[in-house]
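Asks: Quick one: the structure is below, questions incoming.
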Amino acid sequence: MGTLNMLGLAKRVGARFLLTSTSEVYGDPLEHPQKETYWGHVNPIGERSCYDEGKRTAETLTMDYHRGAGVEVRIARIFNTYGPRMCLDDGRVVSNFVAQAIRKQPMTVYGDGKQTRSFQYVSDLVDGLVALMEGEHVGPFNLGNPGEFTMLELAEVVKETIDPSATIEFRPNTADDPHKRKPDISKAKELLNWEPKISLREGLPLMVNDFRNRILNEDEGKGL
9 MGTLNMLGLA
19 KRVGARFLLT
29 STSEVYGDPL
39 EHPQKETYWG
49 HVNPIGERSC
59 YDEGKRTAET
69 LTMDYHRGAG
79 VEVRIARIFN
89 TYGPRMCLDD
99 GRVVSNFVAQ
109 AIRKQPMTVY
119 GDGKQTRSFQ
129 YVSDLVDGLV
139 ALMEGEHVGP
149 FNLGNPGEFT
159 MLELAEVVKE
169 TIDPSATIEF
179 RPNTADDPHK
189 RKPDISKAKE
199 LLNWEPKISL
209 REGLPLMVND
219 FRNRILNEDE
229 GKGL
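Counting along the sequence shown from 1, when you hit position 218 you're at 226 in this note's numbering, and nothing is skipped either side.
If you want it as structure tokens, here you go:
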């Protein structure tokens, strides 16, 4: 409903509308890396399908308003993003690992840890969104860092950055967890002149510094 309301507003006032969609529209992909032309492999009645299908529906509505009502739109499919000022306990894997390692808690890995994701630093995403909004192309565009890591590899990078003695705790995997995820950003490179600049090993310490300060303040507030 939020997307529909904003599309209606954009139509009334003649605004350019940006839909921040997601790599989740690809589901558990059979194509790797994923191009924007790939239609996805999604379980429409799975436990996590509400988010996936919600974003796919939002893309459909956005393109319908563009084609049928002439609304100027842009669509970004955003892959995993991290950086300072994320919520400490928002449930996403990078923030989970970083907060757990700083708090001397085991890092929680679901399943065997061999599933892959690609992680982009927040400033790279912002640059991509600006390029998309200022450009002439509707999209969709994949905005992500093609650097691909298994969950165990990510945990090792977090350990290297924070605490080499940090431990890992394995738990049963969640339902419908995609096995792999990596963007093909050829389209964004060609049409937006955009590609990420910051690697995981460069961006993670910036996030860690912010998390350390906030967790320290949190502990001091509790008298720890």
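Idealized CB from N, CA, C, for every residue including glycine.
If you compare alpha carbons, which of THR30, ILE53, LEU69 and THR45 is closest to MET14?
Replies: Closest option to MET14, Cα to Cα, is LEU69.
Asks: Comparing alpha-carbon positions, which option in VAL166, LYS197, MET71 and LEU151 lies nearest GLY89?
Replies: It should be pointed out that residue 89 corresponds to Thr in this sequence rather than to Gly. Selected option, being the one with the closest Cα: LEU151.
Asks: Ordered along the chain, which non-local residues of its own chain (more than five positions away) have a Cβ less than 8 angstroms from that of LEU200?
Replies: Contacts found: GLY136, ALA139, LEU140, GLY143, HIS145 and PHE149.
Asks: Beta-carbon separation of ASP36 and HIS49 under 7 angstroms?
Replies: Contact flag set, yes.
Asks: Would you report the Cα separation of VAL3 and ARG222, rounded to the nearest angstrom?
Replies: Nothing can be reported for residue 3, as the shown portion of the chain is limited to 9 through 232.
Asks: From what residue to what residue does the alpha helix (DSSP H) around ALA196 run?
Replies: Start and end: 194-199.
Asks: So, for VAL79: in the same chain, excluding its five sequence neighbours on each side, which residues have a beta-carbon less than 7 angstroms away from its beta-carbon?
Replies: Only LEU15, ALA18, LYS19, PHE25 and TYR73 meet the Cβ criterion.
Asks: Can you check DSSP and say which residues form a bridge with ILE110?
Replies: Per DSSP, none; premise fails for ILE110.
Asks: Let me know if VAL106 comes out buried or exposed under the rule of 16 or more other beta-carbons within 10 Å of its beta-carbon.
Replies: Label assigned to VAL106: buried.
Asks: Do you know how far the Cα of LEU12 is from the Cα of LYS43?
Replies: The straight-line gap from Cα to Cα measures roughly 26 angstroms.
Asks: Pick helix, strand or coil for GLU55, following the three-state DSSP scheme.
Replies: Of the three classes helix, strand and coil, the one that applies to GLU55 here is coil, per DSSP.
Asks: Would PHE127 pass as a contact of LEU208 if the rule is Cβ separation under 7 angstroms?
Replies: The answer is yes: Cβ separation under 7 angstroms.
Asks: Taking the alpha carbon of GLY10 as the point to measure from, which residue in ILE170, VAL21, PHE178 and LEU27 has its own alpha carbon closest?
Replies: GLY10 has its Cα closest to that of LEU27, out of ILE170, VAL21, PHE178 and LEU27.
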